[in-house]
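Presented below is the structure to which this report refers.
Structure (structure tokens):
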């Protein structure tokens with residue numbers, strides 16, 4: 507293995523900071539295990555600390571925003587890009603892009619798929635394998651295909667008191 511075949515954390519931070527167009531100091535709060543795939547990178551926004559295990563795919567044709575303290579399990583997928591269900595529109599090459607937002611303190615389970623337009627509220631857990639599209643409120647467990655609310659959670663301040 508040659509010297510250039512391995513990118514340590516410092517090299518990864520530098521490369522990703524350039525891709526996401528954010529300062530290197532902010533990048534040090536963001537950890538993304540390789541491999542990582544995206545369309546552009548410049549449309550991916552981080553509000554604070556972020557960790558993704560390996561295999562994250564982000565199609566960022568529209569803005570994709572991750573809140574603070576977001577955790578992502580292996581092979582999660584975030585699609586801001588989509589095609590029409592109308593055959594004529596697909597044949598014409600029409601592609602649409604819708605934003606995806608993940609709130610603060612969220613956890614995306616392994617192989618979860620978020621499809622824009624999508625808004626996940628603060629404090630949510632998305633179950634492994636869920637296919638999520640639409641708006642979901644704060645503090646809930648989301649799962650299924652298509653995804654729905656499986657459980658409402660107490661707000662964090664109430665959880666700490668119990």
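Residue numbers (this note's numbering): 507 to 668. From the three backbone atoms N, C-alpha and C, an ideal C-beta is built for every residue, glycine too.
Just mark residue 591 as buried or exposed, buried being the case when its beta carbon has 16 or more other beta carbons within 10 Å. Against the chain shown, residue 591 aligns to sequence position 85. Under the 10 Å beta carbon count, residue 591 is surrounded by fewer than 16 other beta carbons and is classified as exposed.
Q: Return helix, strand or coil for residue 593, following the three-state DSSP convention.
A: As a working mapping, residue 593 is identified with position 87 in the chain shown. Of the three classes helix, strand and coil, the one that applies to residue 593 here is helix, per DSSP.
So the alpha helix (DSSP H) residue 531 belongs to, where does it begin and stop? Locating residue 531 in the chain shown gives position 25, counting from the first residue. Residue 531 -> alpha helix (DSSP H) spans 530-533.
Start and end of the beta strand (DSSP E) containing residue 658? Reading the chain shown from its first residue, position 152 is the one you call residue 658. Note, residue 658: beta strand (DSSP E), 653-658.
| said: What does the Cβ neighbour count give for residue 520, buried or exposed, with the cut at 16 atoms within 10 Å? | reply: Locating residue 520 in the chain shown gives position 14, counting from the first residue. With fewer than 16 other Cβ atoms from the protein chains shown falling within 10 Å of its own Cβ, residue 520 counts as exposed.
- [ ] Reducing DSSP to helix, strand and coil, say where residue 518 ends up.
- [x] As a first step, residue 518 is located in the chain shown; it is residue number 12 there, counting from the start. DSSP places residue 518 in helix when its eight states are reduced to three.
Item to check | Nonlocal neighbours in the same chain, by C-beta distance under 6 Å from residue 644, ignoring five residues either side | outcome: One-based indexing of the chain shown puts residue 644 at position 138. If the five residues before and after residue 644 are omitted, its C-beta is found closer than 6 Å to the C-beta atoms of 627, 628, 629, all from its own chain and listed in chain order.
Using DSSP's beta-bridge definition, name the partner residues of residue 551. Within the chain shown, the letter at position 45 stands for residue 551. Per DSSP, 571.
* To do: Could you give the DSSP three-state label for residue 662: helix, strand or coil?
  => Taking the first residue of the chain shown as 1, we reach residue 662 at position 156. DSSP places residue 662 in the helix class (H, G or I) of the three-state scheme.
| query | Looking only at C-alpha atoms, which of 648, 614, 569, 533 sits nearest to residue 549? | reply | Against the chain shown, residue 549 aligns to sequence position 43. Looking at the Cα atoms, 569 is the closest of the given residues.
- Among the residues of its own chain, which have a CB less than 8 Å from the CB of residue 610, if the five just before and after it don't count? The residue labelled residue 610 in the question sits at position 104 within the chain shown. Within the same chain, 553, 554, 573, 574, 575, 576, 628, 629 come within 8 Å of residue 610 by CB-CB distance, once the 5 residues on both sides are set aside.
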